[in-house]
Amino acid sequence: MTQKPCLFFLSLLLFVTASTCTKSWQLQSPYMSESDVQDELVANYNIYYNNDINNHARQQIAVAKCLSGMSAKNYDATGRLPSGILNGNMDAQGQFDECYEGGGYYTMVFGLFNIVPLASSVINIPEIPTVLRWGMCLPRNCDVPKFVEEGGIQIVSGTVSGGAYYFQSVATLKVTMSDDEPLSGGAVAFIVVISFICFLVVLGSTYDYFYVRHSDYFFGEGEKRGGGEVVPLISAEEEESNMERGKFQEIDEEEISRDGEREREEGKGEEDVIYYQRNWGKTFKDMGVASLLGFSIFISFAEFTKMKIHPQTAALDGFRVFAILWVVIGHTYIFLMYSGITNILDLGELRGRFLFQFVNNGTFSVDVFFVMSGFLMSLLMIKSLVKSGGKMQWGLILFHRWWRLSPLYYLTVFYAATLYFYMVVGPFAQVMNVSKPCSEEWYWNLLYLNNFLPEGGNQCIAWVWYLALDMQFFLLCVPIIYILFRWPRVGLGVIAVLSIASYIATMCICINKGYTINDFLLKLAGGDNDDPLNDVDSNGVDIYSDGFDNTGDNEDKNYPQDIYDAPWARVHPYFIGIIAGYIAYLYPKTFKMKLWQQCSAFLVSFFLFCFPIYISYVENWSEAASVIYITFSRTVFGLGMAGFILLCYTGNGGFINWFFSWPIFNILSKLTYACYMFHLVVMLIYFYSFRYLPYLNDMNAIMYFLAISVMTFVIAFAAHLVIELPFAALEKAILTPLMGGEKK
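In my numbering, the protein residues as written are 261 to 1004.
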């Protein structure tokens, strides 16, 4: 009798063990059947395949192959529909890293998700087409295009609260792991170029340190020349600072032009302006040595930290830093809004706040640069014409401007076209395909004509439309300023005629194409309002294009090319800056206004500055009001900015002049050009390396803004020392001997 219970319990133990082993083996089995995968998708994702696929999946080879080949890792890494859908959370990209670790191929599915039928019975929400980013981890042998063609991802969702919600359109993006791709020839070439520049920096710094700064031959009592004559190489004043040794000889001058440009103003009460020239010729006759020393990090750092502040124009440094930070915070919000967030339906409330219009209308930040550029260009060029007796070196002026902007600009384009792809890894890495337009349309950037790209094509590093306009305005205004100097009334008349013509052109375009204030404000871009997925292709989807809709309801609409990037619609602040510079030339001395005059001038300038920014808070704009706003808002803003500049220049800026003249701004303002070039590169790498979509609120946005700003200034500092200053020195080292020595 005792044997039967023992046999019974032994049999039960064997049965339980066998069952456990069987289940364990099933869990560890690397593959699941097609039907299991479909059942799991239906049960866990609440996503249902098209009826044709459910009924005939086995007859469609690509679909069957992809589904039947999915492993447990593929299945687990595939995204589920998240919670928070009623708040716009479309974050369903799954586990990107797990997919690749498990040998899968990550594919991002973009579906235009109609959330209104789902939520209308629950809450009142705006009719915002919401893009669901659904990450599918498919087997490596899956033919994704064929899979899509056969209907494998044509899906509809279940029914919630009695209302069907569904995908209106679907597009896919096969995300390539950059680690799996060998470096392209262009990427290798970029690395070689950067390495060569760094080599020159090391070589120049080494030569400067050992052969110049610590050599009795160069820094003893003097150098013995023929006949035993001793020629001092460094004056007694220059011996005070060892850091200054080997530096360029400098004339008493002030650095007052935009973005650290090296036009200089001669001091000691004189109003004459000289071209900036480094005194290479006295010490180094050899052009090659002079060029090499230009790459010395010691000389560049001394040049960077040198502060000579002109009291009348010191505030412009602060304005410059303020403008670049305005640009960065505006783009931070744009990226968070439109690269994907988990609470997209909160955007209406966020952007509807009155104070948020400062961010919403961040496009005016660039107009600050335009006004200052026109002001400094006019003031300096007229002073130079006065000194030279009306003679102008046209070729040298144009070459200097081109050389000033191009090295850093061209290297940024080169980077975006080649190496950027390898520095961004994640499910969103190829959502904005930066490399493709740069590899195809780079020559437009080289010519500074990228804002005229035909048919509204994708610009390479689209934010540099500003540089194209700045160069075009410079070329336009050089002869205008010359005319203004020689024949003031004629010059003012030319500006007036061009301004009126541009106003008429802008108004006609707005009326003809139906542009409204909604096109003016920052909006989600990426194509047709009805289908923001129309730009998706196998190479990538551009869901960000400078914050604007390209088409809207009219296929002929292209707001960036017609208005936003167009010189005829953006030149007015530049003209205002030129006139302000001419006024500053006519009244060069500071003078004290009465208190009521200062307050009145400040309030008028403040009103003109703020009015275009905050008037957009008003709703229900008529078409006529929209056209007037688009046409004249930047002129009004430019007048306000010019008012602040002239108040500071004449010594009546008060608190504004005191604050923006802080010495720290003199240092940081030298980095603003590099910051403008790199801040969006930093954002692209950072935001598109996210594994999950962020939640947008003011605190998160401010933290992102601070982090991005600090990182951008650090990178800009390195670029300024290694690229901007050395190439500026290279220009002087080459041109000075060719022009017969330096000017005094």
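Glycine residues also receive a C-beta, built at the ideal position from the N, C-alpha and C atoms.
Opening and closing residue of the alpha helix (DSSP H) in which residue i lies
i: residue 647; result: 624 to 648
i: residue 699; result: 695 to 706
i: residue 766; result: 748 to 773
i: residue 333; result: 332 to 337
i: residue 460; result: 445 to 466
i: residue 712; result: Where residue 712 is concerned, there is no enclosing alpha helix (DSSP H), given that its DSSP letter is neither H nor E.
i: residue 596; result: 575 to 598
i: residue 950; result: Element bounds for residue 950: n/a, residue is neither H nor E.
i: residue 672; result: 654 to 678
i: residue 923; result: 923 to 928
i: residue 834; result: 832 to 846
i: residue 722; result: Residue 722 -> no alpha helix (DSSP H), and no H or E assigned at all.
i: residue 552; result: 547 to 553
i: residue 358; result: 356 to 361
i: residue 915; result: 915 to 920
i: residue 778; result: 777 to 780
Where residue i falls: helix, strand or coil (DSSP)
i: residue 202; result: This structure cannot settle anything about residue 202, because the visible part of the chain is limited to 261 through 1004.
i: residue 1005; result: This structure cannot speak to residue 1005, because the chain is shown only from 261 to 1004.
i: residue 972; result: helix
i: residue 613; result: coil
i: residue 826; result: coil
i: residue 507; result: For residue 507, the predicted structure reports a pLDDT of 34, less than 50, and the residue's modelled location is therefore unreliable. The matter cannot be settled from this model.
i: residue 366; result: strand
i: residue 993; result: helix
i: residue 498; result: Only weak support exists for where residue 498 lies, its pLDDT of 36 falling under 50; the value from the coordinates is given anyway. It is helical.
i: residue 967; result: helix
i: residue 473; result: helix
i: residue 341; result: coil
i: residue 538; result: Note that residue 538 scores a pLDDT of 45, beneath 50, so its modelled location is shaky and nothing firm can be said.
i: residue 528; result: Low confidence applies to residue 528: its pLDDT is 38, below 50, so where it sits in the model is not reliable, and the reading given next is rough at best. Coil.
i: residue 403; result: coil
i: residue 392; result: strand
i: residue 562; result: helix
i: residue 352; result: strand
i: residue 986; result: helix
i: residue 931; result: helix
i: residue 608; result: helix
i: residue 689; result: coil
i: residue 981; result: helix
i: residue 601; result: coil
Cβ-Cβ separation, residue j to residue i (assumed contact under 8 Å), whole Å
i: residue 975; j: residue 899; result: Contact flag wrong, Cβ pair sits at about 35 Å.
i: residue 597; j: residue 607; result: 6 Å
i: residue 727; j: residue 665; result: 6 Å
i: residue 460; j: residue 555; result: 4 Å
i: residue 609; j: residue 776; result: In fact, because the Cβ distance is near 22 Å, the residues do not count as touching under 8 Å.
i: residue 352; j: residue 339; result: 4 Å
i: residue 823; j: residue 888; result: Their Cβ separation, rounded to whole angstroms, is 14 Å, which puts residue 823 and residue 888 out of contact at 8 Å.
i: residue 657; j: residue 755; result: About 19 Å; that fails the 8 Å criterion.
i: residue 397; j: residue 332; result: At roughly 11 Å, the Cβ-Cβ gap does not stay under 8 Å, so residue 397 and residue 332 are not in contact.
i: residue 577; j: residue 929; result: 4 Å
i: residue 463; j: residue 552; result: 7 Å
i: residue 847; j: residue 910; result: 7 Å
Neighbour flag for residue i against chain D, beta carbons, 8 Å
i: residue 950; result: Absent from the structure is chain D; it holds one protein chain and no more.
Measuring CB atoms only, is the region 902 to 914 touching the region 838 to 851, in the sense that at least three cross pairs come out at less than 8 Å?
Cβ pair count under 8 Å is three or more, so yes.
Taking 8 Å as the threshold, find out whether the region 857 to 876 comes into contact with the region 613 to 627 through three or more Cβ pairs.
Here the region 857 to 876 makes contact with the region 613 to 627; the two share three or more CB pairs at distances below 8 Å.
Give a yes or no on contact between the region 934 to 943 and the region 975 to 992, applying the rule of three or more CB pairs nearer than 8 Å.
Because the criterion of three Cβ pairs below 8 Å is met, the region 934 to 943 and the region 975 to 992 touch.
Three-pair Cβ contact test at 8 Å for the region 594 to 614 versus the region 626 to 638
No, the region 594 to 614 does not touch the region 626 to 638.
Counting Cβ pairs closer than 8 Å, one from the region 561 to 568 and one from the region 882 to 895, do we hit at least three?
Segments in contact, no.
Between the region 743 to 760 and the region 856 to 863, do three or more beta carbon pairs fall short of 8 Å?
Counting C-beta pairs closer than 8 Å gives fewer than three between the region 743 to 760 and the region 856 to 863, which falls short of the contact rule.
Taking 8 Å as the cut-off, does the region 913 to 924 touch the region 573 to 592 (at least 3 CB pairs, one atom from each stretch)?
The region 573 to 592, when compared against the region 913 to 924, does touch it at the 8 Å Cβ threshold.
If you scan the region 866 to 907 from start to end, which runs of the beta strand (DSSP E) of 3 or more residues do you find wholly inside it?
List check, beta strand (DSSP E) in window: nothing returned.
Assess contact between the region 690 to 710 and the region 719 to 730, defined as three or more Cβ pairs (one per stretch) separated by less than 8 Å. Is contact present?
Yes, since at least three Cβ pairs between the region 690 to 710 and the region 719 to 730 fall closer than 8 Å, the two stretches touch.
Report yes or no: do the region 951 to 959 and the region 731 to 746 share at least 3 C-beta pairs separated by less than 8 Å?
Touching, no, given that fewer than three Cβ pairs across the two stretches are closer than 8 Å.
Between the region 643 to 650 and the region 727 to 746, do at least 3 Cβ pairs fall closer than 8 Å?
When C-beta atoms of the region 643 to 650 are compared with those of the region 727 to 746, three or more pairs fall below 8 Å, so the two segments count as touching.
Contact between the region 675 to 687 and the region 440 to 456 (3+ Cβ pairs under 8 Å):
Touching, yes.
Does the structure place the region 940 to 954 close enough to the region 964 to 972 that three or more beta carbon pairs sit under 8 Å?
Output reads yes: the region 940 to 954 touches the region 964 to 972.
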